[in-house]
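Notes follow once the structure below has been shown.
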Amino acid sequence: MQAVRFNPALWFNAGLDWLDERVGIRELVATLLHVVIPRSAHTYYLGGITLFLFGSQAVTGILLSLYYQPTPESAYNSILYIMNELNFGWLIRSVHAWGANLMIIFCILHLLRVVIQGAYKAPREITWMAGMGLLFVTLGFGFTGYLLPWDQRAYWATTVGTEIAAAVPLIGVNIRDFMRGGADVSALTLSRFLGVHMLILPAALIGLLLVHLFIIHQQGLADPHATEEK
Amino acid sequence: MNDANKKDAASQPKGLLPFWPHYVLSELIAWYVILGVLVTLSAILPAGLEDKANPLLTPEHVKPEWYFLSVYQFLKVAAVFSFLGAEAPRLLGVLIPGILLALLFFLPFLDRGPKRPARQRPWMLALVVIVLLVVIALTIWGQYS
Ligand code: HEM
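These protein sequence lines are chains A and B, in that order. For the first sequence, numbering that gives the first Met the number 0 gives the first residue as 0, with consecutive numbering after it. For the second sequence, numbering that gives the first Met the number 0 gives the first residue as 0, with consecutive numbering after it.
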């Protein structure tokens with residue numbers, strides 16, 4: 000009998016075999032990875048970078064949620080604690096704040112490259128509309144997240160931001176009050192912004208992303224030089 | 000990269016690049032660079048915090064985040080529509096950006112031309128440049144007003 004030695008590659012393969020017998024994992028991975036893309040398709044990695052930034056936001060956001068306290072009385076102090084006392088708290092919060100801005104920038108750059116290369120054209124309408132949904136969700140993350148530290152800038156930016164909605168004809172004031180949970184920005188606003196920021200928007204983003212990436216996988220990336228599709 | 004993969008890459012039809020491992024590797028390098036950018040920016044300019052919120056004390060320069068500034072500024076600029084009636088500025092101030100966003104949402108159905116290369120769609124390039132310039136101008140204007 001052969002001596003049992005530490006051989007990660009062998010172990011990895013054995014694990015894969017085990018999974019393969021049960022769920023056909025090799026075929027699945029092959030379907031996902033063994034695709035080709037046109038050499039002339041220059042994505043500049045913008046969509047992927049946006050995806051990476053979302054991953055970074057998820058990790059840093061979950062870490063922040065362990066110490067953040069979502070009430071007007073304690074939110075501000077919990078942020079002070081994260082910034083000044085918690086080990087590397089300042090770094091996690093700063094990466095989350097910068098990541099939010101970068102995610103919006105890269106999302107817009109990604110949109111611009113899709114427009115300039117004409118990659119939105121048929122048959123990629125659904126990818127495009129899911130992308131627009133992703134853009135709105137990303138902006139929603141920024142809008143709701145900005146209130147959470149409950150400092151002067153947060154409070155008043157949310158006040159003027161929700162006031163924009165009041166300009167919508169007929170139901171504007173209702174939309175504004177619905178967003179605020181009342182006539183003013185208050186404890187209720189903080190609760191619903193947190194719920195939207197931590198539950199609704201992440202679920203929406205993941206759902207839209209699955210549609211976005213599934214269709215991209217099925218169709219392949221657009222070839223900028225080809226006018227006609229299969 | 001092992002030999003099997005090399006053969007794979009060489010046997011692809013001309014003009015096609017294998018997603019794995021070629022594209023994935025470049026993508027991972029890009030992620031690594033962005034991670035460096037994130038940490039560097041955070042170290043140089045950590046996230047700030049102003050005084051605790053005070054609903055009774057309106058600060059002097061209240062502004063939304065930079066990515067909403069252009070719409071916010073447009074809403075203010077829309078005052079020029081007052082010659083259309085008292086309600087016109089507020090109405091057009093939200094309606095016009097709203098309609099433009101809706102048009103953008105349905106772009107693939109509005110632009111049905113089959114050509115993709117940017118050089119063969121000069122009007123679209125011009126439109127992109129104009130929209131970008133207007134949005135950037137409104138954002139800067141909003142920042143300094
Ligand atoms: C959270 C935001 C988003 C993420 C994570 C994301 C992710 C991706 C990824 C990874 C790709 C593969 C190619 C590439 O990297 O460029 C892609 C392609 C694409 N995206 Fe997005 N995207 C987002 C937002 C958007 C937006 C705002 C639009 C436009 C409205 C859009 C439209 C498209 C289209 C049309 C393609 C296919 C391009 C082609 O076939 O060449 N996406 N997206």
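We put the beta carbon where it would ideally sit given N, CA and C, even for glycine.
{"Query": "Can you check whether the C-beta of E124/A is within less than 7 Å of a C-beta belonging to chain B?", "Result": "yes"}
{"Query": "Can you say whether I135/B is buried or exposed, counting buried as having 16 or more other CB atoms within 10 angstroms of its CB?", "Result": "exposed"}
{"Query": "Does the distance from the C-beta atom of Y80/A to that of A52/B stay below 7 Å?", "Result": "no"}
{"Query": "Is L209/A buried or exposed, if buried means 16 or more other CB atoms sit within 10 Å of its CB?", "Result": "exposed"}
{"Query": "Mind checking if K229/A is an interface residue toward chain B, Cβ cutoff 7 Å exclusive?", "Result": "Note that K229/A has pLDDT 44, beneath the 50 cutoff, so the model's placement of it is unreliable and no number is given."}
{"Query": "Check for me: the alpha helix (DSSP H) holding P88/B runs from which residue to which?", "Result": "87 to 104"}
{"Query": "Do you know whose CA, among D50/B, I139/B, W122/B, D110/B, lies nearest Y119/A's CA?", "Result": "D110/B"}
{"Query": "When the Cβ atoms of the stretch 88 to 102 of chain B are set against those of the stretch 182 to 201 of chain A, are three or more pairs found closer than 8 Å?", "Result": "no"}
{"Query": "Taking DSSP as the reference, what is the three-state secondary structure of L44/B?", "Result": "coil"}
{"Query": "For V113/A, which residues in the same chain have their Cβ closer than 6 Å to its Cβ, ignoring the five residues on either side in sequence?", "Result": "Y119"}
{"Query": "Using a Cβ cut-off of 7 Å (strictly closer), state whether R118/B contacts chain A.", "Result": "no"}
{"Query": "Please report whether the beta-carbon of F73/B lies at a distance below 7 Å from any beta-carbon of chain A.", "Result": "no"}
{"Query": "Which two residues bound the contiguous alpha helix (DSSP H) that contains M147/A?", "Result": "Met is not the amino acid found at residue 147/A; the sequence shown has Leu there. Unbroken run through L147/A: none, as it is neither H nor E."}
{"Query": "Following a CB-centred definition, is Y119/A positioned closer than 6 Å to any heavy atom of the ligand HEM?", "Result": "yes"}
{"Query": "What do you reckon, is the C-beta of T143/A under 6 Å from a heavy atom of the ligand HEM?", "Result": "no"}
{"Query": "Which full runs of the alpha helix (DSSP H) of 4+ residues lie inside the stretch 133 to 179 of chain A, going along the chain?", "Result": "151 to 164, 171 to 179"}
{"Query": "For a minimum of 4 consecutive residues, which ranges assigned as the alpha helix (DSSP H) are wholly contained in the stretch 21 to 65 of chain B?", "Result": "23 to 43"}
{"Query": "Less than 7 Å separating the beta-carbons of I107/A and I33/B?", "Result": "no"}
{"Query": "At a cut of 8 Å, does the stretch 141 to 156 of chain A reach the stretch 63 to 70 of chain B through at least three beta carbon pairs?", "Result": "yes"}
{"Query": "Per DSSP, P17/B is paired with what?", "Result": "V35/A"}
{"Query": "Can you tell me the Cβ-Cβ gap for T158/A and V195/A, rounded? I've got them flagged as a contact below 8 Å.", "Result": "That belief does not hold up - the Cβ atoms of T158/A and V195/A are roughly 17 Å apart, past 8 Å."}
{"Query": "Could you please give the first and the last residue of the uninterrupted alpha helix (DSSP H) stretch that includes N100/A?", "Result": "88 to 115"}
{"Query": "Between W140/B and chain A, is any beta-carbon pair separated by less than 7 Å?", "Result": "no"}
{"Query": "Under three-state DSSP, which class holds Y75/A?", "Result": "helix"}
{"Query": "Taking all protein chains shown into account, decide if A156/A is buried (16 or more other Cβ within 10 angstroms of its Cβ) or exposed.", "Result": "buried"}
{"Query": "Please determine, among E124/A, L204/A, M178/A, T70/A, the residue with the shortest C-alpha to C-alpha distance to P107/B.", "Result": "E124/A"}
{"Query": "S81/B and L90/A: beta carbons closer than 7 Å?", "Result": "no"}
{"Query": "If you count every other CB in all the chains shown that lies within 10 Å of the CB of A46/B, and 16 or more means buried, which is it?", "Result": "buried"}
{"Query": "Would you identify the three-state DSSP class for E84/A, choosing helix, strand or coil?", "Result": "coil"}
{"Query": "Any C-beta of chain B sitting closer than 7 Å to the C-beta of L32/A?", "Result": "yes"}
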